[in-house]
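*Asks:* Before I ask anything, here is the structure I am working with.
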Amino acid sequence: MGSHYETLNKDILDVQKIREEFPILHQEVNGKPLVYFDNAATTQKPIRVINALTEYYSGYNANIHRGIHTLAEKATSAFEDTRKAVKDFINAREVEEVIFTYGTTDGINLVASTFGRANINEGDEVIISSMEHHSNIVPWQMLCEEKGAKLKVIPINEKGEIIFEAFEKMLSEKTKLVSIVHVSNTLGTINPVKAVVDKAHEYGAAVLIDGAQASAHINIDMQALDCDFYVFSLHKLFGPTGSGILYGKRSFLEAMPPFRGGGEMIKEVTFEKTTYNDIPYKFEAGTPNIADVVAIKKALEFVEEYGKDNIAKYEDELLRYGNEQLQTIPGLKFIGTAQDRVSVISFIIEGIHHFDIGMMMDARGVALRTGHHCTQPLMDIYNIEGTVRASLSLYNTFEEIDIMVEGLKNIVERFK
Amino acid sequence: MQKPSINDIQDEIIEAFSLLDGDVEMANFYLMELGQKLKPLDESDKVDENLVKGCQSKVWLKTEFDKDTLRFNADSNTAITKGLVSLLVKILSEQKVDDIINADLYFIHRIGMNRFIGTQRSNGFAAMIKQMKIYAIAYKSKMERKAS
Chain A
1 MGSHYETLNK DILDVQKIRE EFPILHQEVN GKPLVYFDNA ATTQKPIRVI
51 NALTEYYSGY NANIHRGIHT LAEKATSAFE DTRKAVKDFI NAREVEEVIF
101 TYGTTDGINL VASTFGRANI NEGDEVIISS MEHHSNIVPW QMLCEEKGAK
151 LKVIPINEKG EIIFEAFEKM LSEKTKLVSI VHVSNTLGTI NPVKAVVDKA
201 HEYGAAVLID GAQASAHINI DMQALDCDFY VFSLHKLFGP TGSGILYGKR
251 SFLEAMPPFR GGGEMIKEVT FEKTTYNDIP YKFEAGTPNI ADVVAIKKAL
301 EFVEEYGKDN IAKYEDELLR YGNEQLQTIP GLKFIGTAQD RVSVISFIIE
351 GIHHFDIGMM MDARGVALRT GHHCTQPLMD IYNIEGTVRA SLSLYNTFEE
401 IDIMVEGLKN IVERFK
Chain B
1 MQKPSINDIQ DEIIEAFSLL DGDVEMANFY LMELGQKLKP LDESDKVDEN
51 LVKGCQSKVW LKTEFDKDTL RFNADSNTAI TKGLVSLLVK ILSEQKVDDI
101 INADLYFIHR IGMNRFIGTQ RSNGFAAMIK QMKIYAIAYK SKMERKAS
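Line order of the protein sequences matches chains A and B.
Numbering-wise (the UniProt record's numbering), the first sequence opens with residue 1 and increments by one.
Numbering-wise (the UniProt record's numbering), the second sequence opens with residue 1 and increments by one.
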């Protein structure tokens, strides 16, 4: 059934050609061809990214920024080339506004510990939404507790969309920061972040956007969005694990105190006093994750080669087909039905625990995520313990959706 | 009728699993069937104090003592885990306290459980076993205190 759609959508994206770039996809799991539907957790890596890692370690591994020898020079320039590529990818104004981190969580903690500690005081307010990942809840809870500030939460409607009017009412001169997810990892909802940024700015509040799930699916444009901080992980964007980006507006980054102390982030050190380096280095203490950062350039090239617009168009078709097919399963209920969504489908099936579904689908070679997806407060709102989540990427096919749906139908049958 | 020994039951389980020929899906379905046969706990016993810590899914474990033996009743909110629990109940319930404490549960390795339940569930499974042995040890020391 799905193969028909494959042919129909070949003009948008040649998925078979893309799949050839991903060695990991061509394997059997429990005797069945692997269907990888856990892309919201981490995406797989194209061979050009894997090769870039090998080439770095076998060709020009050296510590960056300080050595004057040839290898150090080569490694430094490859590292900084990625920074430029990221700047273009997110359309930041300046390359210095791109800080390398270890991931989204690291980026949020950096902002909480520096901007947060310096600017949020007793009686101030921080606003997040009901659909935040724990990594965009806990750092702010910790900060608010330390400072005596208040954490406010934007409610959502039944479909899993933020209630904008409620958000507007929460804003006041006490609001120092709004930190909100661009795309929900559990529901797939795309939040109206531009409107959030504009509204928050009217009250002089800074805005951080958690782009962990957005970066692989939709265009992210820092100048158009005008947010003050944007964080994401590169392993969800076809890059290696352990690397991420913090974008910050120059004026913010310059005013912020440093995060970690150590090498690289200093200008001059005496036992009496240290002066700090300029941005971005002020926030990159110690030897960074050089190899992974170097390889990330290839991941960005991969995405740009196929084009975010084409990727989004193809994934929208996958989402539409997935929703349509899953609807035919008796007792299945979607969790999150927002109008504006990426290709993430969360659901529960009446009478069958999500862990059982996850294990039985794994036995059929289908990798799904089950549980609370690090959004326990959101699960509480829906009054459920967890969901089954299928998160689709550009290398997934309509036929794979058929395999998942057939498997689920089989499980439902067994539980009757 | 006397309850078969811990090792006799383990050998039976090993035999049954060998028929599944290492097929993960079949092993899952088999576990589910076993779970369905396990006598469910009363809802009133599914309380936090009976929960086994360290399991991803909820597992409730209740004990009853009868002279020198210990009876286990258990349940889970997920079908496959309930099957796993049922294996332990089948082996360890109504056995002598000393035998429970000293049991070498070799069937886990022999049926290749790690392969079909994965590391995360294996940890939960180990937590269940630990909890059962702790109950046995606690009961034994209580009996010894009483005797002295």
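A virtual CB, placed ideally from N, CA and C, is assigned to each residue, including glycine.
Bear in mind that the values here come from a model prediction, so they are computed numbers and not experimental data.
Using a Cβ-Cβ cutoff of less than 7 Å, which residues in the same chain neighbour Lys106(B) once the five nearest sequence positions on both sides are dropped?
*Replies:* Contrary to the premise, residue 106(B) reads as Tyr rather than Lys in this sequence. Excluding sequence neighbours, Tyr106(B) sits near Gln10.
*Asks:* Does the pairing of the region 38-57 of chain A with the region 367-387 of chain A give three or more beta-carbon distances under 8 Å?
*Replies:* yes
*Asks:* Among the residues of its own chain, which have a CB less than 7 Å from the CB of Leu378(A), if the five just before and after it don't count?
*Replies:* Ser130, Met131, Thr186
*Asks:* Which residue or residues does DSSP assign as beta-bridge partners of Ala367(A)?
*Replies:* Tyr36(A)
*Asks:* Within 10 angstroms of its Cβ, does Phe89(A) collect 16 or more other Cβ (buried), or is it exposed?
*Replies:* buried
*Asks:* Would Thr78(B) count as contacting chain A if we go by Cβ distances under 9 Å?
*Replies:* yes
*Asks:* Okay, do the region 153-163 of chain A and the region 334-344 of chain A touch, 3+ Cβ pairs below 8 Å being the bar?
*Replies:* yes
*Asks:* Would you kindly check if the distance between the Cβ of Gly188(A) and the Cβ of Ser343(A) is under 9 Å?
*Replies:* yes
*Asks:* So if I threshold CB-CB distances at 9 Å, which residues from the region 363-374 of chain A count as touching chain B?
*Replies:* Answer set for the region 363-374 of chain A: Ala363, Arg364, Gly371.
*Asks:* I'd like to know whether the C-beta of Asp402(A) is nearer than 9 Å to at least one C-beta of chain B.
*Replies:* no
*Asks:* Which residue from Ile180(A), Arg320(A), Met1(A), Leu208(A) puts its Cα closest to that of Phe229(A)?
*Replies:* Leu208(A)
*Asks:* Give the list of continuous beta strand (DSSP E) stretches no shorter than 3 residues that lie fully inside the region 91-143 of chain A.
*Replies:* 98-101, 125-129
*Asks:* Just curious, the beta strand (DSSP E) that Tyr106(B) is in, first and last residue?
*Replies:* Run containing Tyr106(B): none; DSSP gives neither H nor E here.
*Asks:* In angstroms with no decimal places, state the Cα-to-Cα distance between Asn30(A) and Leu20(B).
*Replies:* 13 Å
*Asks:* What is the DSSP secondary structure of Ser184(A), reduced to helix, strand or coil?
*Replies:* coil
*Asks:* Which two residues bound the contiguous alpha helix (DSSP H) that contains Arg121(B)?
*Replies:* 113-147
*Asks:* Spell out the partners DSSP gives Ala390(A) in its beta bridges.
*Replies:* Looking at the DSSP output, Ala390(A) sits in a beta bridge with Ile345(A).
*Asks:* Can you give, in chain order, each stretch of the beta strand (DSSP E) that sits fully within the region 223-253 of chain A and has at least 3 residues?
*Replies:* 229-233, 244-248
*Asks:* Would you list the one or two residues that DSSP bridges to Leu332(A)?
*Replies:* Paired residue(s): Ile349(A).
*Asks:* In chain order, what residues of the same chain have a beta carbon less than 6 Å from the beta carbon of Phe283(A), not counting five sequence neighbours either side?
*Replies:* The residues are Ile99, Phe259.
*Asks:* Give the straight-line distance between the Cα atoms of Leu51(B) and Asp75(B), rounded to the nearest whole angstrom.
*Replies:* Looking at the backbone, the Cα of Leu51(B) and that of Asp75(B) are separated by about 10 Å.
*Asks:* At 7 Å on the CB atoms, spell out the chain A contacts of Val24(B), in chain order.
*Replies:* Asn30, Ala363
*Asks:* According to the Cβ coordinates, are Asp356(A) and Ala79(B) closer than 9 Å?
*Replies:* yes
*Asks:* Grouping DSSP H, G and I as helix and E and B as strand, with all else coil, what is Thr7(A)?
*Replies:* Three-state DSSP puts Thr7(A) in a helix.
*Asks:* Tell me, please, whether the region 323-330 of chain A touches the region 406-413 of chain A by the rule of three or more beta-carbon pairs shorter than 8 Å.
*Replies:* With a cut-off of 8 Å, the region 406-413 of chain A and the region 323-330 of chain A count as touching, because enough Cβ pairs lie within range.
*Asks:* Does DSSP put Glu43(B) in a helix, a strand or coil?
*Replies:* helix
*Asks:* So Tyr276(A) is in the beta strand (DSSP E); what residue range does that whole segment cover?
*Replies:* Unbroken beta strand (DSSP E) run through Tyr276(A): 274-276.
*Asks:* Would the region 269-281 of chain A and the region 12-26 of chain A be scored as touching if the rule is three or more Cβ pairs under 8 Å?
*Replies:* no
*Asks:* Do Met132(B) and Leu61(B) have their CB atoms nearer than 9 Å?
*Replies:* yes
*Asks:* Using three-state DSSP, classify Thr175(A) as helix, strand or coil.
*Replies:* strand
*Asks:* If I measure Cβ to Cβ from Ile290(A) and keep anything under 7 Å in the same chain, skipping five residues before and after, which residues do I get?
*Replies:* Ile64, Ala75, Phe79
*Asks:* Which residues in chain D sit within 7 Å of Arg414(A), going by Cβ to Cβ distance?
*Replies:* Among the chains of the structure shown, chain D does not appear; the protein chains present are A and B.
*Asks:* At the 9 Å Cβ level, is Phe355(A) part of the contact set with chain B, yes or no?
*Replies:* yes
*Asks:* According to DSSP, simplified to helix, strand and coil, what is Thr63(B)?
*Replies:* strand
*Asks:* Give the secondary structure of Lys298(A) by DSSP, where H, G and I count as helix, E and B as strand, and everything else as coil.
*Replies:* helix
*Asks:* Taking Cβ to Cβ, would you say Met359(A) is nearer than 9 Å to Leu408(A)?
*Replies:* no
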